[in-house]
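Visitor: Protein chains in written order, with the numbering used here: chain A, 7 to 270; chain B, 612 to 940.
Even glycine gets a Cβ: it sits at the ideal position worked out from N, Cα and C.
Treat the numbers as computed from the prediction; the structure is a model and nothing was measured.
Structure below; questions to follow.
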């Protein structure tokens, strides 16, 4: 077995492990669906009661938008906590002495779990949104692109969580960094309100950040899913995914150097 | 450097910079770092198939050395080769040639059945399905874990889990096995069972074993050579038999007699413990031969049974430390 197929085989095994774990965690999934329903239903109600004439938006599409952003947010687990625990307990030593990158193992495993949860949340959320609005705001032909954009978004969020988890090597407790990151995602990503409804200058800042590639850009496809919009979303996500992967690689290498020099 | 050696260590040293971080004052003022020398220029080599104990008290530098040999810690100076690789430069290549067991840390997935954990490890090491299945069968037989394979790791006792951990460390059939406190926390029978399995594996597969332990039983039962380390310095590197011969100045002769409390007024013989009809004598071999003590006892008393024992290895190690301290002072 050559090196590439070994790494691919092991990555697939971790991906399947994450998927199966998420499948087996029925109570966790049920809890997520329940919690996910609350903001989706509340914001659908709020948008229905909000005068939107002249804004270029309508309440039904905005309800679908919130469903999309919430599905992405709820799909991503808390991999930064797992990494924090591995580092602080010293368990990472066993992982470092294996012929497989520690970070890649976590990315693959969490990607499997996130994918399962995202698909479940999107299926369930679409049903709620359809029941609440009585419509589907995009052509069925655009559905695969919308789902793919959501998958890329969740994966991007997952990569940033891995970076936050690795910060444990320097700060010991990365939770404050996560809280800041999460609030920035909510605000500049447009969790409840599309960035196009923000004041111009805040919108411009938000659009230039990875937060928009995680929430606003994929969710905006339920507002308008023409080919140009789809290509634009994928280009931005591709850019941020490439940068995030580089960041993960750089931080993982720096953390590993620190462990090798100073011990775990 | 011997090309045939499984492990070669030359003047290996590791120091850590430690900064005190206690109290409010350290929030505003950076305390100067102090240098702590964990390992101070140790050298040794281990032949393929040898079973070597790495002995020392807490903080002696055992685990630090083991971490450097696995490549997860870079030394401050010195050189080492394990299976022909410089560990800290070729960590991932080396990982395929060594198995590691940290007794207090698991490398299994707690929520998964043991079989799934071992299959995942097989994938990490790039074993194809046929080889992985064959290896799993063999290890399941040798380590007596066949009945445990379908149980989640979280449901296993410590002894059962450690046998599964050894299977995990050996899935890729490494020629070298590094064990850090492999029997810690086990009861007597689980320890004995684990030691037997390790000896069997080492004998059958020619696996080189380097183990750290506080338990002298691990060392006596598994190893044929001992490296004694303290305060980062290698105090002794000897076959276990030589270690005993040099540091074993006493034998314990226990007599079960008709007499309630027999007395032996011989030079170099002292009562070590006494119960009615059962007396243990400490015999100083520098002053008297043990045969003479036994002959005298048989002559003078009605002996129902007798036993001649070596002192526990704990005492031998304590003796080595005392000797080393005396040399230092």
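1) Taking residue 32 of chain A as the reference, which of A:190, A:265, A:126 has the closest Cα?
2) So what's residue 612 of chain B in DSSP terms, helix, strand or just coil?
3) From the DSSP output, in three-state form, read off residue 772 of chain B for me.
4) So, residue 702 of chain B versus residue 732 of chain B, is the Cβ gap smaller than 9 angstroms?
5) Give me, in chain order, the residues of the same chain whose beta-carbon lies closer than 6 angstroms to that of residue 659 of chain B; leave out the 5 immediate sequence neighbours on both sides.
6) Hey, does residue 627 of chain B have any beta-carbon neighbour from chain A nearer than 9 angstroms?
7) Could you check how far apart the C-beta atoms of residue 699 of chain B and residue 685 of chain B are, in whole angstroms? I think they sit under 8 angstroms.
8) Considering only C-alpha positions, which residue in the set A:14, A:88, A:208 is nearest to residue 193 of chain A?
9) Please state whether the Cβ-Cβ distance between residue 833 of chain B and residue 813 of chain B is less than 9 angstroms.
10) Check whether the segment 728-745 of chain B and the segment 101-121 of chain A are in contact - that is, three or more C-beta pairs closer than 8 angstroms.
11) Would you mind stating whether residue 730 of chain B and residue 743 of chain B have Cβ atoms separated by less than 9 angstroms?
12) Do you know how far the Cα of residue 776 of chain B is from the Cα of residue 88 of chain A?
13) In terms of residues, what are the limits of the beta strand (DSSP E) holding residue 782 of chain B?
14) Starting from the C-beta of residue 756 of chain B, find all residues in its chain whose C-beta is less than 8 angstroms away, skip the five residues before and the five after it, and write them out in chain order.
15) What residues in the segment 684-709 of chain B bring their beta carbon closer than 9 angstroms to a beta carbon of chain A?
16) Please report the Cβ distance between residue 664 of chain B and residue 837 of chain B, rounded to the nearest whole angstrom; I am assuming they are in contact, meaning their Cβ atoms lie under 8 angstroms.
17) Hey, quick one: how far does the alpha helix (DSSP H) through residue 159 of chain A stretch, first residue to last?
18) Can you tell me which of the three DSSP states residue 888 of chain B falls into?
19) Whose CA, out of B:721, B:869, B:901, B:887, lies closest to the CA of residue 881 of chain B?
20) Taking the runs of the alpha helix (DSSP H) that are 4 residues or longer, which of them lie wholly in the segment 8-72 of chain A?
21) My output table needs one value for residue 270 of chain A: the three-state DSSP class, helix, strand or coil.
22) By Cβ distance below 6 angstroms, which residues in the same chain neighbour residue 796 of chain B in space, the five residues on each side in sequence not counted?
23) Any Cβ of chain A within less than 9 angstroms of the Cβ of residue 723 of chain B?
24) Going by DSSP in three states, residue 671 of chain B sits in which element: helix, strand or coil?
25) Any idea what DSSP makes of residue 994 of chain B, helix, strand or coil?
26) Given residue 829 of chain B, which residues of its chain have a CB within under 8 angstroms of its CB, disregarding the five upstream and five downstream residues?
27) Closer than 9 angstroms, CB to CB, is residue 613 of chain B near chain A or not?
28) Can you list, in chain order, the residues of its chain whose CB lies under 8 angstroms from that of residue 705 of chain B, leaving out five sequence neighbours each side?
29) Grab the span of the beta strand (DSSP E) containing residue 198 of chain A for me, first residue to last.
30) Determine the extent of the beta strand (DSSP E) in which residue 867 of chain B is found, giving its start and end residues.
31) Rounded to a whole number of angstroms, what is the C-alpha to C-alpha distance between residue 143 of chain A and residue 267 of chain A?
32) The segment 222-245 of chain A: which residues have C-beta closer than 9 angstroms to a C-beta of chain B, in chain order?
33) Looking only at DSSP bridge pairs, what is residue 661 of chain B linked to?
34) Alpha carbon to alpha carbon, how far is residue 69 of chain A from residue 30 of chain A?
35) Report the rounded CA-to-CA distance for residue 847 of chain B versus residue 933 of chain B, giving the unit in angstroms.
36) What is the rounded straight-line gap between the Cα of residue 172 of chain A and the Cα of residue 99 of chain A?
Guide: Walking through what the data contain:
1) A:126
2) Model confidence at residue 612 of chain B stands at a pLDDT of 45, short of 50, so the residue's coordinates are unreliable and nothing is read from them.
3) helix
4) no
5) 617, 819
6) yes
7) 4 angstroms
8) A:208
9) yes
10) yes
11) yes
12) 21 angstroms
13) Premise fails: residue 782 of chain B is in no beta strand (DSSP E) and is neither H nor E.
14) 725, 750, 771, 774, 775, 778
15) 684, 685, 699, 702, 703, 704, 705, 706, 707, 709
16) 5 angstroms
17) 149-172
18) coil
19) B:901
20) 9-30, 32-55
21) coil
22) 769
23) yes
24) coil
25) The question about residue 994 of chain B has no answer, for chain B in this structure spans 612 to 940.
26) 664, 793, 794, 802, 806, 822
27) Caution applies to residue 613 of chain B, whose pLDDT of 49 falls short of 50 and renders its modelled position unreliable; the value that the coordinates give is listed next. No - not a single Cβ of chain A is within 9 angstroms of the one on residue 613 of chain B.
28) 681, 682, 693, 694, 696, 698
29) Counting along the chain, residue 198 of chain A falls outside any beta strand (DSSP E), and DSSP gives it neither H nor E.
30) 861-868
31) 55 angstroms
32) none
33) Answer is none; residue 661 of chain B lacks a bridge partner.
34) 30 angstroms
35) 13 angstroms
36) 14 angstroms
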